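Chemist: Can you keep this structure in mind? I'll have questions shortly.
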Amino acid sequence: MQETIYTIPINEAFEKGIELKEQGICECPFCILEHRFESEELELILGASMMEPDVRIMTNEKGFCRDHFKKMLGMQKKLPLALMLESHLDQLFKEITVRSLLPAGSDDAKLKKIEKRRSSCYVCDRVEANIRRMFSNAVYMWDKDPDFAAKLRSQKYICLTHFSELMSAAQYLSKKRRAALYDDAFGVVSSYLGELCADVSHFCKKFDYRYEDEPWGNSKDSVERAIRFLKGSK
Ligand SMILES: [Zn+2]
Ligand SMILES: [Zn+2]
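Residue numbers (this note's numbering): 25 to 258.
Right under this line is the structure:
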């Protein structure tokens, strides 16, 4: 099979998914990969990439979303973060307050710039680009490598968001192969969804005095797991 830069991390995430399943822990292999890409990106941005001029141009332009600012604050690397903020704020100040740089009557232009900043994030964009490539690679690996297809079928679950992204990346497959991938991946999704329905119902029942003495079974963390299944664990 043709090796790509994603073959190794994808295989590792799918093996990790199976390992966690054996330990009774539920995790989606694509969520595992997403976390990996995200922490690598955060490490880079507050480390090796921080002083790179090309990267600085982009962080000045895009800034970061609230979630990633929060994660960076938690990394105890305040100086690199402050240095990035210094030039980001400086650029923002010039763009929205220095009259000579703005066209006449430019309140709308200012608001547009602020609006753009509000929704852009350097880390989100980098992670998103990696993930898009990861899905097309995963489809390719499933198509060419029977061992990988078996690993996919052995997962505890694939979250709903990532199932849908996987199937979107499989558009190029023949109709027959796409249907086979659907069966493999949906098999994992539907058996987990069945378990979740039962666990969440049991969780609700436990608040009824008649079921007070019944064991919790697998239902104790079912609300958290249901949300992770529906929305991913990012
Ligand atoms: Zn996922
Ligand atoms: Zn972000």
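Backbone N, C-alpha and C fix where the C-beta goes; we use that ideal spot for every residue, glycine too. Note that the structure is a prediction, hence the values are computed from the model and not measured.
Compare the Cα-Cα distances from K95 to each of F159, C183, E62 and A194 and report the closest residue.
Modeler: Among F159, C183, E62 and A194, the Cα nearest to that of K95 belongs to E62.
Chemist: Considering only their Cβ atoms, is the gap separating L190 from A153 smaller than 8 Å?
Modeler: no
Chemist: Expressed to the nearest angstrom, what Euclidean distance is found between the alpha-carbon atoms of E65 and C52?
Modeler: 20 Å
Chemist: Under 8 Å Cβ to Cβ from A209, same chain only, skipping five residues before and after it: list those, please.
Modeler: L176, I182, F187, L190 and M191
Chemist: Tell me which residues share the same chain as F179 and place their Cβ nearer than 8 Å to its Cβ, disregarding the 5 neighbours each side in the sequence.
Modeler: According to the sequence shown, residue 179 is Gln rather than Phe. So the qualifying residues of the chain are F38, G41, I42, K45, C52, P53 and V212.
Chemist: Let me check you understand the geometry: is the CB of G256 closer than 7 Å to at least one non-hydrogen atom of ligand 1?
Modeler: yes
Chemist: Nearest CA to the CA of V151: which residue from R249, E236 and C55?
Modeler: C55
Chemist: In angstroms, rounded to a whole number, what distance separates the CA positions of Y206 and G71?
Modeler: 40 Å
Chemist: Which residue wins for smallest C-alpha separation from G87, given the options R157, S144, G256 and Y164?
Modeler: S144
Chemist: Enumerate, from N- to C-terminal direction, the unbroken alpha helix (DSSP H) stretches of 4 or more residues contained entirely within the segment 43-108.
Modeler: 53-69, 77-86 and 90-97
Chemist: Which residues in the same chain as E236 place their Cβ atom closer than 8 Å to its Cβ, once the five residues preceding and following it in sequence are excluded?
Modeler: Taken in chain order, the residues that qualify are K230.
Chemist: Taking the straight line between their C-alpha atoms, what separation do you get for E36 and K136?
Modeler: 42 Å
Chemist: Quick one: is F117 buried, meaning 16 or more other Cβ sit within 10 Å of its Cβ, or exposed?
Modeler: Classification of F117: exposed, given that the 10 Å Cβ count is below 16.
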